[in-house]
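In the working numbering, the protein residues as written are 43 to 540.
This is the structure in structure tokens:
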């Protein structure tokens, strides 16, 4: 493909991307294809001869798009959002045009230095303290692929620091602390690093927040048994319910044990701290006071296309002491002089993408106030949904709404008797599983996901897609309400017939 062919194909690609975004209302939210559809449709061997690019581009429309679940669809309320913006797409396009592996400053100085600047911009946007800034030369920020990778990175750094401070520690005695509501990233880090993971119990009474006393008791128990807890992963905005760990209490407990690293994972909720009114909810003050590291994903609710997971550390040497690999062929005079950052030593891989460019595009185009408006609109839409749930006798909230996330369930009808030996929770869960299956069948109109909170099956509703408006909440509520009515009627009839 020469320059003019690329120009023509590029124009066509942008036109088709625009048509794709403009047609969301006519597309199902979830892909409707069956397993194996694409494997069966494509040849088993690569083409021997070059193919016309128009045919390739047409096959994207014909074969690939039907197999895409549309995360940017305004009726996508599952999991957490993955932000998509045209500014982010263009940033990715420009970054691809100057494709470079970014493993050291010299490989492309702009790739490194823009990331330094952007990470400081984002830290200030969220209200993080100066000790997390690259500019201060001690701490700093780096873009990871995902919050899961960030957790592996900080666990590796925390392990190296702990072993350095405790040379007698055996790796088999080291323990990663999470909670029963922590994202699977904690367990994944343990699997990758070959370390034990202990999930501390959290309760509905504490709104699934880890309390300091729970941590204190676990530490006393493990230390008495010769175990070596070396990192605690706290969460602001858990996946299941949006719970926030009590970082004030956790920080005070860990003050007594400074060798234990405190990582705060705010993958989804962290960007809400761009709005000053949500900084108390996001535990900004204890994060700045106690956290060893902090992470949030701008590719979730933060308008930046996947992937862009932001990680800040109080002391960058904790990363480089654990992850620095500089063979002779990677040495540069700039690195040896200490004048530059080589980000390859701040994460797992050697090469890295130019992710900061799309963050830069988004922040410049939206500005701080535009970014805040996006967050506030998502929260306002969730508050509207909550008002509908509270006004309905058929539903109840399972937890306190968290920013743009609500967790609810269908209310158990009062009339049918429970089956012999059946308790109310089992019946309630059976009803809500049937309800969720029914809503899954409407996946062309809406996408919701489920969770289980201390044995209670419930439905999650997460707002955050850039194009979601109040009318989409109304449409989603109608799907929820009508399917709930059908399921409840069927469930009652089945109980009466028995």
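Ideal Cβ placement from N, Cα and C applies to all residues, glycine included.
Three-state secondary structure assigned by DSSP to residue i
{"i": "residue 351", "result": "strand"}
{"i": "residue 438", "result": "strand"}
{"i": "residue 517", "result": "helix"}
{"i": "residue 218", "result": "strand"}
{"i": "residue 339", "result": "strand"}
{"i": "residue 128", "result": "helix"}
{"i": "residue 242", "result": "strand"}
{"i": "residue 118", "result": "strand"}
{"i": "residue 139", "result": "helix"}
{"i": "residue 86", "result": "coil"}
{"i": "residue 47", "result": "helix"}
{"i": "residue 530", "result": "helix"}
{"i": "residue 97", "result": "helix"}
{"i": "residue 208", "result": "coil"}
{"i": "residue 75", "result": "coil"}
{"i": "residue 232", "result": "helix"}
{"i": "residue 427", "result": "helix"}
{"i": "residue 468", "result": "helix"}
{"i": "residue 64", "result": "helix"}
{"i": "residue 123", "result": "coil"}
{"i": "residue 223", "result": "coil"}
{"i": "residue 508", "result": "coil"}
{"i": "residue 323", "result": "coil"}
{"i": "residue 345", "result": "coil"}
{"i": "residue 485", "result": "coil"}
{"i": "residue 333", "result": "coil"}
{"i": "residue 200", "result": "helix"}
{"i": "residue 456", "result": "coil"}
{"i": "residue 70", "result": "coil"}
{"i": "residue 523", "result": "helix"}
Buried versus exposed, by CB contacts within 10 Å (16 or more), residue i
{"i": "residue 536", "result": "exposed"}
{"i": "residue 315", "result": "buried"}
{"i": "residue 336", "result": "buried"}
{"i": "residue 53", "result": "exposed"}
{"i": "residue 322", "result": "exposed"}
{"i": "residue 369", "result": "exposed"}
{"i": "residue 352", "result": "buried"}
{"i": "residue 429", "result": "exposed"}
{"i": "residue 178", "result": "exposed"}
{"i": "residue 359", "result": "exposed"}
{"i": "residue 442", "result": "exposed"}
{"i": "residue 510", "result": "buried"}
{"i": "residue 347", "result": "buried"}
{"i": "residue 43", "result": "exposed"}
{"i": "residue 413", "result": "buried"}
{"i": "residue 237", "result": "buried"}
{"i": "residue 302", "result": "buried"}
{"i": "residue 48", "result": "exposed"}
{"i": "residue 265", "result": "exposed"}
{"i": "residue 103", "result": "exposed"}
{"i": "residue 367", "result": "exposed"}
Own chain partners of residue i with C-beta closer than 6 Å, once the 5 adjacent residues on each side are dropped
{"i": "residue 295", "result": "254, 257, 258"}
{"i": "residue 133", "result": "399, 400, 403"}
{"i": "residue 222", "result": "241, 243, 244"}
{"i": "residue 542", "result": "This structure gives no information on residue 542, because the portion of the chain shown stretches from 43 to 540."}
{"i": "residue 505", "result": "420, 423, 424, 446"}
{"i": "residue 470", "result": "454"}
{"i": "residue 203", "result": "360"}
{"i": "residue 533", "result": "473"}
{"i": "residue 95", "result": "51"}
{"i": "residue 182", "result": "176, 358"}
{"i": "residue 171", "result": "330"}
{"i": "residue 174", "result": "165, 181, 354"}
Contacts around residue i, its chain only, beta-carbon distance under 8 Å, and the 5 residues preceding and following it disregarded
{"i": "residue 523", "result": "434, 436"}
{"i": "residue 440", "result": "283, 449, 450, 451, 495, 498, 500"}
{"i": "residue 393", "result": "143, 144, 145, 386"}
{"i": "residue 71", "result": "111, 112, 115, 117, 118, 485, 486, 487, 488, 489"}
{"i": "residue 74", "result": "108, 485, 486"}
{"i": "residue 503", "result": "119, 424, 427, 447, 448, 449, 450, 490, 518"}
{"i": "residue 191", "result": "351, 389, 390"}
Opposing strand residues paired with residue i [DSSP bridges]
{"i": "residue 492", "result": "501"}
{"i": "residue 451", "result": "438"}
{"i": "residue 475", "result": "According to DSSP, residue 475 bridges with nothing at all."}
{"i": "residue 444", "result": "447"}
Cut-off 7 Å between Cβ atoms - residues of its own chain near residue i, not counting five sequence neighbours on either side
{"i": "residue 344", "result": "125, 313"}
{"i": "residue 136", "result": "399"}
Cβ-heavy atom distance, residue i to the ligand SAH, below 8 Å
{"i": "residue 452", "result": "The ligand SAH is not among the ligands present in this structure, which contains no ligands whatsoever."}
*asked:* At 3 residues or longer, what runs of the beta strand (DSSP E) sit wholly inside the segment 247-318?
replied: 270-277, 303-307
*Note down, one range per segment and in chain order, each beta strand (DSSP E) of at least 3 residues found wholly within the segment 144-198.*
182-186
*What residue ranges within the segment 360-419 form continuous alpha helix (DSSP H) runs of no fewer than 4 residues, ordered along the chain?*
375-378
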